[in-house]
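Comments concern the structure below.
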Amino acid sequence: MGTLMHEQKLIGTVEQLAPLGVSDFPKRIDAGNILMCPPTYFTIKDSKNPFMDGQVGNVDVELASKQWQVLKQVFSDLGCEVKEVEPQADLEDMVFAANQVLPGLDENGKPFVLLGEMRHEARRKEVPWYRQWFLTNGYKVITLADADGVAEGATVPRFEGQGDAVWHPSRKVLWGGYGARTDFEAYELIASLLQVPILMLKLNDPRFYHL
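According to the working numbering, numbering within the sequence shown proceeds without interruption in unit steps and concludes at 352.
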């Protein structure tokens, strides 16, 4: 079973997954801290998903701030260390802090972060701010362009971080959503970069644009 897992990095069918159990995937240490971005500048300037249709400018900023504080407190009460990245005035969607990166630990237990390649042009400007935060806090920063076989200056597939790539609890295996914001081809590079198997899930419903 373990041999199959290593030979097949992208697992996208029931037939491929059926011989495997959770114990076939190596154990990993789950993160104990969470990075959040305050909704200081959160608003809706345009529609990037069905839930934004007809909602331009229709954000209750005070309510959003209260809800954000409640969520932060819940994480703290659960024993998580909550850290914050500074919001930027021209990046209203920066508050959605899962989409810009995929963090993890390498084989030596050192933290790394894989930068996203955002689908929407406006959101690509968020990534450098997250990159700087992780560099400042001691993370190794890698990109899809670092994968073997990617030519210098080549266009890489779209990838929206933890919006679509989710670590299985306590196991070194990723669930990978693709089709709306993240390209299938991104996971071929991720599997090579991180040396992990990925359980592929195609997202067909536009209402569920992230995993």
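For each residue, glycine too, the CB sits at the ideal point set by N, CA and C. Values in this document were obtained by computation on a predicted structure and should not be read as measured data.
In summary, PRO160 is exposed, with fewer than 16 beta-carbon neighbours lying within 10 Å of its beta-carbon over all protein chains present. Remark: fewer than three beta-carbon pairs, one from each stretch, lie closer than 8 Å, so the segment 248-268 and the segment 205-220 are not flagged as touching.
Contact between the segment 312-319 and the segment 151-169 is present: three or more C-beta pairs spanning the two stretches fall below 8 Å. When C-alpha distances from PHE349 are compared across GLY304, GLU222, GLY250, SER188, the shortest belongs to GLY304. For ILE185, the secondary structure class from DSSP, reduced to helix, strand or coil, is coil.
Excluding sequence positions up to five before and after LEU330, its CB lies within less than 6 Å of the CB of LEU285, ALA288, all in the same chain and listed in chain order. A residue is called buried once 16 or more other Cβ atoms fall within 10 Å of its Cβ, and GLU262, having fewer, is exposed. Taking 8 Å as the cut-off, the Cβ atoms of VAL223 and CYS178 do not count as close.
In the DSSP annotation of this structure, the continuous segment of the alpha helix (DSSP H) that includes LEU212 starts and ends at 202-218.
In this structure, THR184 lies near VAL200, with their beta-carbon atoms less than 8 Å apart.
Only residues of its own chain outside the window of five on either side were considered, and among them TYR182, PHE183, THR184, ILE185, LYS186 have a CB closer than 8 Å to the CB of GLU233, listed in chain order.
ASP218 has its alpha-carbon roughly 31 Å from the corresponding atom of PHE300.
Between the alpha carbons of LYS266 and MET193 lies a distance of about 20 Å. Within the DSSP bridge table, the entry for GLU225 names MET177 as partners. THR154 and VAL282 have their C-alpha atoms roughly 31 Å apart.
Contact annotation, VAL236 with PHE275: C-beta distance approximately 17 Å; criterion of less than 8 Å not satisfied.
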